Each structure stands twice: as structure tokens, then as C-alpha cells.
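Colleague: The structure that follows is given in the form of C-alpha cells.
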Ligand code: ADP
Ligand code: MG
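Residue numbers (the working numbering): 2 to 234.
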């Protein structure tokens, strides 16, 4: 699904530059559920944003689904994002004046899908995250966990090959975090490939594989031992 070779990324800071990713090599197969773990500032979001084509690499190569991602301009990035990717963020990023159903159906509107078809499909995805009864509610009427479930339904409604989640539980309490991770695990069990950025060990342990970043390099890449992981829940 993903093949990254010797990826480097720096940010210009006036006359100096900050070398954030220093030679990342990463392969992710179809159907994996991978945590990208590391302390604040280790480069997790930078890596996820490059994978999500919200940012561009300096050197190295990145392939998704055998397509080499290069010479990205905004038009090409937008086309690939629609084709490949769904996003979930810490802050939900829902549109406040639209209902849960309208938020979920919005990506389908941009695809040009007809109203009835998009409503039916959006409702199906809302139901899949347990929120069919909340379709007509505004985000302000939903709990944090419910908002994130709406955001997950919105990310999935366009049937992306890959779901990217940057600290999806970062704004949630422990119990709600586990509920959201239960849904992420369920979606993975149904076949979706998912990358979850987190700095929380218990969240990482709910994934199948943990890639640890430190100061812009991968220092460890391990399968999660499901037996040991039980201790965290
Ligand atoms: P993490 O998500 O692991 O907390 P980030 O990838 O967000 O880390 O950031 C890694 C480093 O890059 C940090 O030192 C951060 O300040 C810096 N950084 C991130 N984005 C930018 C940017 N757009 N411009 C300049 N520096 C950035
Ligand atoms: Mg981050």
C-alpha cells in the first residue's frame, strides 16, 4: 500500500533550516493498522502530512498503491487525496452549522453524487459508527466521542484506500478514546488500512504494529503482542 524510501524533510527557518525527517524507510501492507508513535516534535505529523499529500517531501520516494507521488501541485494532490485518502484529526474539523448527516455527505457532494444517493450512503456510514439516531443533530449537540465518530464516517464515505488519523483521541478522555479506537479497530478488521499518529502508549497498543519515531528517525518498528496489549485495556 505504502512504500517510502530514504525520505527527508526540512523546514526553512529564516536563514537556517530544521531537519525534521532524516531518512525514513517505511512499508505498509494492505490491511495493516499502524501506530506512528513518538514524543511531541518527533516528526509524526510531518510524516503523516507527507503521506496525506498535505505537504511535500524534499528527497526520497513515496509510493501509494504503486503510484509514485512526485511533482505534486495542488490540483494533483487534491486528485490523489480524493482517490486514496481519508483524514481524521484531533480537533474533528466538522462544519458547525451542518448536521452530522450533512457533514458526512459533503465529500459525496464534491464528487457530484446526487442528493438522495449521497444521503443514503452518508446514513449508512453514520450507522456504521453507531450514530444513525444522531443524523439530524449539529456538532454542538454531540459529545467529543460522537463528533470524532462523525469525522470517521466522513473520512470513510468516499471509500478511501487508506485512513490517516492524527492524534484522533488527543482531545478525548480515556474511556471515550477507547471507544473511538474500538471503532478504528473494527474498520481495520473490515479490511481498511489505517495509520494512527499518537503519543499515547495505550492507544498505540490498540494497533497491530508500532513504528516509533525519535528526532526524525524510526528507532523501532514492532508488531504488537496482542496478549501483552490486553494489560493496557
Ligand atoms: P509531532 O507531530 O511529532 O509533534 P511535527 O511533525 O508536528 O511533530 O513537528 C516536528 C518538528 O517540525 C517540530 O520541531 C515542529 O516545530 C517543526 N515543524 C512542523 N511543521 C512546521 C512548519 N510548517 N514550519 C516550520 N517548522 C515546522
Ligand atoms: Mg503532531
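We treat Cβ as the ideally placed atom computed from N, Cα and C, and that holds for glycine.
The model shown is predicted, which means the values in this text are computed figures rather than measured ones.
#1: Listed in chain order, which residues are found with a beta carbon closer than 5 angstroms to a heavy atom of the ligand ADP?
#2: Given 8 angstroms as the limit, is there contact between the segment 130 to 150 and the segment 66 to 78, that is, 3 or more CB pairs closer than that?
#3: Output the residue ranges of the alpha helix (DSSP H) runs that lie fully inside the segment 23 to 92 and measure 4 residues or longer, sorted by chain position.
#4: Between which two residues does the alpha helix (DSSP H) holding residue 212 run?
#5: Could you pull the start and end residues of the beta strand (DSSP E) that residue 130 belongs to?
#6: Closer than 8 angstroms: is that where the CB of residue 174 sits relative to any heavy atom of the ligand MG?
#7: Does chain D have any CB closer than 9 angstroms to the CB of residue 144?
#8: Looking at residue 35 and the ligand MG, is the gap between the Cβ and the nearest heavy atom below 8 angstroms?
#9: Cα separation between residue 13 and residue 21?
#10: Pull up the distance between the alpha-carbon of residue 33 and that of residue 179, whole angstroms please.
#11: Mark residue 167 as exposed unless 16 or more other C-beta atoms lie within 10 angstroms of its C-beta, in which case mark it buried.
#12: Please name the residue, chosen from 197, 41, 89, 72, that lies closest to residue 56 on a Cα-to-Cα basis.
#13: Which residues bound the beta strand (DSSP E) around residue 174?
#14: Considering just the uninterrupted stretch of the beta strand (DSSP E) at residue 224, what are its terminal residues?
#15: Using 8 angstroms for Cβ pairs, my map puts residue 5 next to residue 61. What's the rounded Cβ distance?
#16: Select from 204, 218, 215, 9 the residue whose C-alpha is nearest the C-alpha of residue 225.
#17: Span of the beta strand (DSSP E) holding residue 6?
#18: Can you tell me the Cα-Cα spacing of residue 101 and residue 15, whole angstroms?
#19: Output the distance between the C-alpha atoms of residue 222 and residue 39, rounded to the nearest integer angstrom.
#20: Between the Cα of residue 84 and the Cα atoms of 126, 99, 158, 139, which residue gives the shortest distance?
#21: Does DSSP put residue 1 in a helix, a strand or coil?
#22: Any heavy atom of the ligand MG closer than 8 angstroms to the CB of residue 72?
Modeller: In brief:
#1: 12, 21, 41, 42, 43, 44, 45, 46, 47
#2: Output reads no: the segment 66 to 78 does not touch the segment 130 to 150.
#3: 45 to 52, 75 to 85
#4: Premise fails: residue 212 lies in the beta strand (DSSP E), 210 to 215, not in any alpha helix (DSSP H).
#5: No beta strand (DSSP E) contains residue 130, which DSSP labels as neither H nor E.
#6: Not one heavy atom of the ligand MG sits closer than 8 angstroms to the Cβ of residue 174.
#7: Note that chain D does not occur in the displayed structure, where there is just one protein chain.
#8: no
#9: 10 angstroms
#10: 19 angstroms
#11: Result: buried.
#12: 72
#13: Per DSSP, residue 174 belongs to no beta strand (DSSP E) and is neither H nor E.
#14: Residues 218 to 224.
#15: 7 angstroms
#16: Out of 204, 218, 215, 9, 204 has the C-alpha closest to the C-alpha of residue 225.
#17: 3 to 14
#18: 42 angstroms
#19: If you draw a straight line from the Cα of residue 222 to the Cα of residue 39, it comes to about 12 angstroms.
#20: 158
#21: Absent from the model: residue 1. The displayed extent of the chain is 2 to 234, so no value can be given.
#22: Remark: the shortest separation between the CB of residue 72 and any heavy atom of the ligand MG does not fall under 8 angstroms.
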